[in-house]
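Numbering (the numbering used here), first residue to last: 234 to 537. Ideal placement from N, C-alpha and C gives every residue a C-beta, glycine not left out. Just so it is clear, the structure is predicted and the values come from calculations on it, not from any experiment. Let me begin by presenting the structure, written as structure tokens, before commenting on it.
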Amino acid sequence: MFCVLKPHRWKLALLLLAANLGLILHLACGELKNVSEWVWLDIIGEGGSALLALVWLGLVLKSRPAGRVTNYLALGLSCIFFSWWIDSLDEFIRLPASITWDHWLESGPMPVGMILLTLGIYHWHREQLAISAQMEKRERLFREHRLFDTLTPLGGADYLKRQLADSLQDSRDQQQPLSLLALDLDNFTAINQAYGHAEGDAVLQALSHVLLLNLRRQDLLCRLAGDRFVVVLPNTGERQAQALALELEQAVRSLAHKTRQHGERLQLAASTAVVMALDEPPQDLLKRLNLTLARAKQPLAKSA
Ligand SMILES: Nc1nc2c(ncn2[C@@H]2O[C@H](COP(=O)(O)OP(=O)(O)OP(=O)(O)O)[C@@H](O)[C@H]2O)c(=O)[nH]1
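This is the structure in structure tokens:
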């Protein structure tokens with residue numbers, strides 16, 4: 234408790250000094266009342282309020298980081314405590330009727346304290362809103378993180394569907410074409426069988442990097458499943474998408490991936506398909522893309 238309050242020791246020492254000065258001033262100018270004159274209800278009410286203000290101050294200082302907002306709150310509560318403290322002193326000490334400064338000491342700090350406290354609470358509220366917004370952003374990032382593939386640095390199927398829905402909406406709003414490109418490795422199963430699953434994983438990782446390097450800034454590459462990748466191409470018509478697909482096929486053929494065990498070069502090839510988005514839901518567009526890809530793969534399947 235005390236080490237938490239350590240950064241605020243000067244504020245607390247000042248408050249203690251002010252409270253003691255008030256007491257000394259009362260003792261110097263007045264005289265102690267007899268116990269029979271004490272009004273217990275007032276003592277408990279005023280003294281209890283002063284004590285509670287001290288507890289609030291301790292809790293605020295303990296739970297908040299030092300800074301501007303904490304200073305407002307601490308100063309406000311200190312003023313309120315001081316007012317209640319001076320108020321409770323006249324329950325024990327009688328001051329001559331000619332003295333008026335005790336009214337100033339008693340009533341002056343209260344409104345100042347209330348204003349400072351209000352300012353502090355207002356800024357605390359704004360601070361809390363900023364923290365909540367930050368937390369929400371982090372939570373969203375975390376949620377999106379789970380939609381990412383564990384093998385490649387790419388989004389998975391769920392992420393693709395989400396982004397596709399947004400891209401379709403953007404393309405409708407901006408009246409710009411949107412195309413989708415699918416790329417599937419040919420005979421990837423044979424690589425897994427000949428060199429093992431881990432080597433297959435390494436191929437998929439290398440492939441994802443090569444594809445990323447060959448795409449534009451605005452394109453979004455995702456791994457749909459296994460050896461199938463899908464690219465969302467904003468502001469792209471079918472011809473441009475087909476040209477990009479040919480470039481990607483070429484890049485895959487040129488990829489000189491070497492196996493980890495024997496350093497043997499793997500001859501890779503991929504099939505591609507392209508569709509342009511119509512006014513349709515994301516799942517229909519993906520279905521059309523998969524069908525087009527299946528048709529592109531048909532000659533390969535027959536020759537196998
Ligand atoms: N290494 C590895 N293999 C995977 C992964 N996910 C799926 N696969 C394998 O990828 C292969 C995909 O099979 P297919 O879709 O028939 O692909 P393919 O053998 O390339 O056949 P075609 O596409 O017709 O040329 C299967 O053998 C899966 O076991 C993965 O994360 N890592």
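Run the proximity test for Gly433: is its beta-carbon closer than 7 Å to any non-hydrogen atom belonging to ligand 1? On the sequence shown, position 200 is the one that residue 433 refers to. Yes.
Taking just the CA atoms, how far does Gln396 sit from Ala506? Here residue 506 refers to the residue found at position 273 of the sequence shown. Here residue 396 refers to the residue found at position 163 of the sequence shown. For Ala506 and Gln396, the distance between alpha carbons rounds to 19 Å.
Would you list, in sequence order, the uninterrupted alpha helix (DSSP H) runs of no fewer than 4 residues that lie entirely inside the region 449-487? Segments of the alpha helix (DSSP H) lying fully in the region 449-487: 471-487.
Reference Gly346; option with closest CA among Phe315, Ser331, Arg371: Translated into positions along the sequence shown, residue 346 becomes position 113. It is Phe315.
Out of curiosity, what's the CA-to-CA distance linking Gln402 and Arg450? Locating residue 402 in the sequence shown gives position 169, counting from the first residue. Locating residue 450 in the sequence shown gives position 217, counting from the first residue. One Cα belongs to Gln402, the other to Arg450, and the distance between them is close to 19 Å.
Alpha-carbon spacing of Asp320 relative to Met368, whole angstroms: Within the sequence shown, the letter at position 87 stands for residue 320. Within the sequence shown, the letter at position 135 stands for residue 368. Roughly 44 Å separates the two Cα atoms.
Beta carbon of Glu432 nearer than 8 Å to that of Thr492: On the sequence shown, residue 432 is found 199 positions in, with the first residue counted as 1. On the sequence shown, residue 492 is found 259 positions in, with the first residue counted as 1. Cβ distance < 8 Å, so Glu432 and Thr492 count as in contact.
Spatial neighbours of Asp419 within its chain, please: CB distance less than 7 Å, with the 5 preceding and 5 following residues excluded, ordered by chain position. Locating residue 419 in the sequence shown gives position 186, counting from the first residue. Here the set comprises Ala502, Ala503, Ser504, Leu533.
Mind checking Tyr392: buried by the 16 CB within 10 Å criterion, or exposed? Here residue 392 refers to the residue found at position 159 when the sequence shown is read from its first residue. Burial call: buried.
N-terminal and C-terminal residue of the alpha helix (DSSP H) that Ala503 is part of: Within the sequence shown, the letter at position 270 stands for residue 503. Segment 503-509 is the beta strand (DSSP E) holding Ala503; no alpha helix (DSSP H) there.
Can you give me the Cβ contacts of Leu306 inside the same chain, cut-off strictly under 6 Å, excluding the 5 residues immediately before and after it? Taking the first residue of the sequence shown as position 1, residue 306 is located at position 73. Excluding residues within five positions, the ones whose Cβ falls inside 6 Å are Val293, Gly353.
Using 7 Å as the cut-off, classify the Cβ of His232 as near or not near the heavy atoms of ligand 1, replying yes or no. No answer is possible for residue 232: the residues shown for the chain start at 234 and end at 537.
Helix, strand or coil for Phe421, going by three-state DSSP, please let me know. Within the sequence shown, the letter at position 188 stands for residue 421. Helix, per DSSP.
Comparing C-alpha positions only, which one of Leu466, Phe381, Phe325, Lys295 sits nearest to Gly263? On the sequence shown, position 30 is the one that residue 263 refers to. The residue with the shortest Cα to Cα distance from Gly263 is Phe325.
Is the distance from the Cβ of Leu448 to the Cβ of Leu440 below 8 Å? Within the sequence shown, residue 448 is the residue found at index 215, counting from 1. Within the sequence shown, residue 440 is the residue found at index 207, counting from 1. No.
With a threshold of 8 Å between beta-carbons, can His430 be considered close to chain B, or not? Among the protein chains of the structure shown there is no chain B, as only one such chain exists.
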